[in-house]
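In terms of numbering that gives the first Met the number 0, the sequence shown has 33 at position 34, counting the first letter as 1, and numbering is strictly consecutive.
For each residue, glycine too, the CB sits at the ideal point set by N, CA and C.
Predicted model only: the values in this text are computed from it and were never measured.
Beneath this line is the structure, given in structure tokens, with notes to follow.
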Amino acid sequence: MAEVGTGTGVSGLWLLRGMAPDAVLTSVDLEAEHQRHAREVFVAADVPTRRFRLIPGSALDVMPRLTDAGYDLVFVDGDKAEYGEYLDQALRLVRPGGVLAFDNALWHDRVADPAHRDAQTVAVRGLLETVQHDERLRPVLLPVGDGLLAAQLLP
Ligand SMILES: C[S@@+](CC[C@H](N)C(=O)[O-])C[C@H]1O[C@@H](n2cnc3c(N)ncnc32)[C@H](O)[C@@H]1O
0 MAEVGTGTGV SGLWLLRGMA PDAVLTSVDL EAEHQRHARE VFVAADVPTR RFRLIPGSAL
60 DVMPRLTDAG YDLVFVDGDK AEYGEYLDQA LRLVRPGGVL AFDNALWHDR VADPAHRDAQ
120 TVAVRGLLET VQHDERLRPV LLPVGDGLLA AQLLP
């Protein structure tokens, strides 16, 4: 699994709990301090350190260095304004049959309201349109929380 936006490890912990016992979570975050906290959370939850790889840095610098088709799931929760670029990278990283997932896909209900034209809203709206029309993908938009866009890369 690959994750953009480690944060304090909440999503990472849920992912780790659902993954195969020998599967590894690779998670990227701009803020080393956030990753320090996530590491503490994982260790406190008895997750062996071999099961996660925390990479500090900008997602758009780190993602191009990750392995092509090397991940079953790419979960994105980083900078909303960069969601379009994350999609390009995620499409390269996920294996055929795997899943891309983007958190905040409704972005505080702004996406559906064309009056909102800030960079984050425009990028999330663009992501939804691109994914909807990409024939390589089978998407679903789940109205849970702030919205979760999941899309399978067809085998
Ligand atoms: C909403 S939080 C992630 C929360 C996390 N998924 C969790 O459940 O705990 C967004 C994270 O993305 C990181 N971030 C923001 N811009 C980034 C970028 N350009 N590259 C990598 N990480 C970034 C922030 O430092 C922050 O930790």
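Those residues that have a beta carbon less than 5 Å away from any non-hydrogen atom of ligand 1 are, in order along the chain, Gly4, Gly6, Thr7, Val9, Ser10, Asp28, Leu29, Glu30, His33, Ser57, Ala58, Asp76, Gly77 and Asp78.
Leu24 and Arg50 do touch by the CB rule: their CB atoms are close to 7 Å apart, below 8 Å. The shortest CA-to-CA distance from Leu140 to any of Pro55, His115 and Ala111 is the one to Ala111. Put simply, of Pro20, Ala31 and Met18 the residue whose alpha carbon is nearest the alpha carbon of Thr5 is Ala31. Where Val73 is concerned, there is no enclosing alpha helix (DSSP H), although the beta strand (DSSP E) around it starts and stops at Tyr70 to Val75.
Pairing Asp67 with Val93, the inter-Cα distance amounts to about 7 Å. Ala58 counts as buried, since no fewer than 16 other beta carbons sit within 10 angstroms of its beta carbon.
In chain order, Ala118, Gln119 and Ala122 place their CB closer than 7 Å to the CB of Ala80, counting only its own chain and leaving out the 5 sequence neighbours on each side. For Gln151, DSSP records a beta bridge to Val98 and Arg137. In this structure, Phe41 lies away from Leu72, with their beta-carbon atoms at least 8 Å apart. In its chain, beyond the 5 residues on either side, Arg109 have a beta carbon closer than 7 Å to the beta carbon of His115. Here the alpha carbon of Arg35 sits roughly 8 Å from the alpha carbon of Thr7.
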